[in-house]
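Trainee: So for the sequence shown, numbering that gives the first Met the number 0 puts the first residue at 0; every next one is plus one.
Quick one: the structure is below, and I'll ask about it shortly.
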Amino acid sequence: MGRTALIFPGQGAQLVGMGADVASKCRKSADVFDRANELLGVDLKSVCFQGPEELLSATNIQQPAILVSSIAYLEALAERGDLNGEFDATAGLSLGEYTALHFAGVLSFDDAVLLVRRRGELMQKAAESQPSSMVSLIGADEEKARLLCEKASDGEVLVPANINCPGQIVISGTKAACDRAMSLSDELGCRAVALKVAGAFHSPLMCEAADELGKVLADTPINKPRIGVLSNVTADYHTEPDKIRELLKEQVTSPVRWQASIERWLSEGFDNFVEVGPNRVLTGMMRKIARKTPAVSIGTAEAVESYTFRQHQPT
Numbered sequence: 000m001g002r003t004a005l006i007f008p009g010q011g012a013q014l015v016g017m018g019a020d021v022a023s024k025c026r027k028s029a030d031v032f033d034r035a036n037e038l039l040g041v042d043l044k045s046v047c048f049q050g051p052e053e054l055l056s057a058t059n060i061q062q063p064a065i066l067v068s069s070i071a072y073l074e075a076l077a078e079r080g081d082l083n084g085e086f087d088a089t090a091g092l093s094l095g096e097y098t099a100l101h102f103a104g105v106l107s108f109d110d111a112v113l114l115v116r117r118r119g120e121l122m123q124k125a126a127e128s129q130p131s132s133m134v135s136l137i138g139a140d141e142e143k144a145r146l147l148c149e150k151a152s153d154g155e156v157l158v159p160a161n162i163n164c165p166g167q168i169v170i171s172g173t174k175a176a177c178d179r180a181m182s183l184s185d186e187l188g189c190r191a192v193a194l195k196v197a198g199a200f201h202s203p204l205m206c207e208a209a210d211e212l213g214k215v216l217a218d219t220p221i222n223k224p225r226i227g228v229l230s231n232v233t234a235d236y237h238t239e240p241d242k243i244r245e246l247l248k249e250q251v252t253s254p255v256r257w258q259a260s261i262e263r264w265l266s267e268g269f270d271n272f273v274e275v276g277p278n279r280v281l282t283g284m285m286r287k288i289a290r291k292t293p294a295v296s297i298g299t300a301e302a303v304e305s306y307t308f309r310q311h312q313p314t
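Below, the structure is given as structure tokens:
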């Protein structure tokens with residue numbers, strides 16, 4: 000039999016209404032939102048279900064909202080089959096790495112929610128400290144992205160931030176450097192699209208946020224993973240709790256190596272990918288990394304109901 004990976008989306012995957020359908024059908028999914036409301040002291044459930052979109056898109060709300068919604072879909076899926084035997088490894092894009100770590104038993108639900116809320120607050124604060132942004136480069140490879148950063152930086156911060164899939168790399172830096180990259184992108188044969196984000200995530204401009212997050216992580220209980228979890232920073236498997244803390248801190252300022260993570264799994268015989276969470280962002284990336292490899296998205300109650308569990312062979 001082949002191997003199946005479970006993947007979780009990060010910022011930008013939010014949709015008004017996410018999680019409402021499964022919460023109306025699955026008591027445990029509804030409980031996830033209720034518990035998050037208690038922990039955060041805000042009506043996250045209402046924001047997820049009804050918006051407004053502007054509030055849902057705020058970094059400090061968006062991060063826990065996507066994590067909690069993804070876990071709500073997981074709970075609904077767990078009512079239909081054994082998730083512990085269904086997936087052989089897991090990972091998530093940026094924020095989604097916290098969802099993966101929760102699934103793997105590294106973080107409790109309460110700690111994961113509080114961590115990502117604090118992570119979002121710190122990243123928002125760092126973004127507000129100076130004008131900064133992110134730009135998606137369509138048609139660029141990593142080499143072109145680095146060359147464009149060198150050309151456009153002019154002594155300011157501008158670095159590759161998300162190496163997502165062939166033809167899609169996101170760069171991150173000061174607002175002025177990002178503007179210069181937009182104007183120079185044609186010279187390198189790629190198209191630049193400014194992203195609607197609060198600031199320069201996954202860049203050195205997030206150092207203050209990373210340092211503060213490191214202090215929170217130091218006080219957070221962290222367990223060894225029960226299944227393999229790939230790190231965004233290294234595209235390698237997480238190991239000991241202290242190393243996990245170190246990599247989660249580093250993740251805030253380092254590029255997300257998503258394409259490398261998927262390619263590693265492909266080299267290890269993974270032949271099926273399941274994205275759980277709102278939207279279909281990672282499933283779309285999979286089409287560009289390995290078009291013929293099956294990938295499904297579970298971000299609706301209908302998708303939960305239609306998911307076909309693997310037939311496990313007796314050991």
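Ideal Cβ positions, reconstructed from N, Cα and C, are used throughout, including at glycine.
Every value quoted in this text rests on a predicted model; they were computed, and no experiment measured them.
Considering only DSSP beta bridges, list what Ile162 is partnered with.
Mentor: DSSP lists Ile168 as partners of Ile162.
Trainee: To the nearest angstrom, how far is the alpha carbon of Tyr306 from that of Val273?
Mentor: Whole-angstrom Cα-Cα distance: 10 angstroms.
Trainee: Where do the N-terminal and C-terminal ends of the alpha helix (DSSP H) with Thr98 fall, by residue?
Mentor: It spans 95-102 - the alpha helix (DSSP H) in which Thr98 sits, taken as one unbroken run.
Trainee: Please state whether DSSP places Thr173 in a helix, a strand or coil.
Mentor: Strand at Thr173.
Trainee: Who are the near neighbours of Ala331 in its chain, counting only those whose CB is closer than 6 angstroms to its CB and skipping five residues on each side?
Mentor: Within the shown structure, residues of the chain are numbered from 0 to 314, placing residue 331 beyond reach of any answer.
Trainee: Does the region 3-23 touch the region 104-111, meaning 3 or more C-beta pairs lie closer than 8 angstroms?
Mentor: No: fewer than three Cβ pairs fall under 8 angstroms.
Trainee: State the start and end residues of the unbroken alpha helix (DSSP H) segment that holds Leu5.
Mentor: Element bounds for Leu5: not the alpha helix (DSSP H) but the beta strand (DSSP E), 2-7.
Trainee: Taking the alpha carbon of Ile297 as the point to measure from, which residue in Pro8, Arg2, Gly1 has its own alpha carbon closest?
Mentor: It is Pro8.
Trainee: Assign Leu5 to buried or exposed, taking buried as 16 or more other Cβ atoms, counted over all protein chains shown, within 10 Å of its Cβ.
Mentor: It counts as buried.
Trainee: Suppose the cutoff is 7 angstroms on Cβ atoms and the five residues either side in sequence are ignored; what does the same chain contact list for Phe200 look like?
Mentor: For Phe200, where only same-chain residues beyond five positions count, the Cβ hits under 7 angstroms are Met122, Met133, Ala160, Ser171.
Trainee: Measuring CA to CA, which of Lys248, Val192, Ala151, Cys177 is closest to Gly166?
Mentor: For Gly166, the nearest C-alpha among the options comes from Val192.
Trainee: Can you give the Cα-Cα distance for Gly263 and Asp235, rounded to whole angstroms?
Mentor: The sequence given here places Arg at residue 263; Gly does not occur at that position. When rounded, the distance between both Cα atoms is 8 angstroms.
Trainee: Assuming Ser363 and Leu136 are in contact, meaning their beta carbons sit under 8 angstroms apart, how far apart are those beta carbons, in whole angstroms?
Mentor: Since the first and last residues shown for the chain are 0 and 314, residue 363 lies out of range.
Trainee: Might you give, ordered along the chain, the residues of its own chain that have their beta carbon closer than 6 angstroms to the beta carbon of Lys44, omitting 5 neighbours on each side?
Mentor: Phe32, Asn36.
Trainee: For Leu216, collect the residues of the same chain with a Cβ closer than 8 angstroms to its Cβ; drop the 5 residues on either side in sequence, then sort them by chain order.
Mentor: The answer, listed in chain order, is Leu114, Arg244, Leu247, Lys248.
Trainee: Distance, Cα to Cα, Gly1 vs Phe86?
Mentor: Rounded to whole angstroms, Gly1 to Phe86 spans 11 angstroms at the Cα level.
Trainee: From Glu74 to Val158, what does the alpha carbon distance come to, in whole angstroms?
Mentor: Cα to Cα, Glu74 sits roughly 37 angstroms from Val158.
Trainee: Rounding to the nearest angstrom, what Cα-Cα distance links Cys148 and Lys27 in this structure?
Mentor: Their Cα atoms are separated by approximately 46 angstroms.
Trainee: Would you give the residue range spanned by the beta strand (DSSP E) that Arg190 belongs to?
Mentor: First-last of the beta strand (DSSP E) with Arg190: 190-193.
Trainee: Check whether the Cβ atoms of Pro277 and Ala12 sit closer than 8 angstroms, and answer yes or no.
Mentor: Contact flag set, yes.
Trainee: Let me know the beta strand (DSSP E) ranges lying completely inside the region 185-248, each 3 residues or longer, listed in chain order.
Mentor: If we require 3 residues or more, the beta strand (DSSP E) runs fully inside the region 185-248 come out as 190-193.
Trainee: So, Ser202 versus Val156, is the Cβ gap smaller than 8 angstroms?
Mentor: Yes, Cβ-Cβ distance for Ser202 and Val156 is below 8 angstroms.
Trainee: DSSP three-state label for Thr89, please.
Mentor: Reduced to three states, the DSSP call for Thr89 is strand.
Trainee: Would you decide whether Gln129 is buried or exposed? Buried here means 16 or more other CB atoms lie within 10 Å of its CB.
Mentor: Exposed, since its Cβ has fewer than 16 Cβ neighbours within 10 Å.
Trainee: By how many angstroms is the C-alpha of Leu14 removed from the C-alpha of Tyr72?
Mentor: Cα to Cα, Tyr72 sits roughly 14 angstroms from Leu14.
Trainee: Counting C-beta neighbours from all protein chains within 10 Å, is the total for Asn222 16 or more, i.e. buried, or is it exposed?
Mentor: Counting Cβ neighbours within 10 Å, Asn222 comes out exposed, since fewer than 16 surround it.
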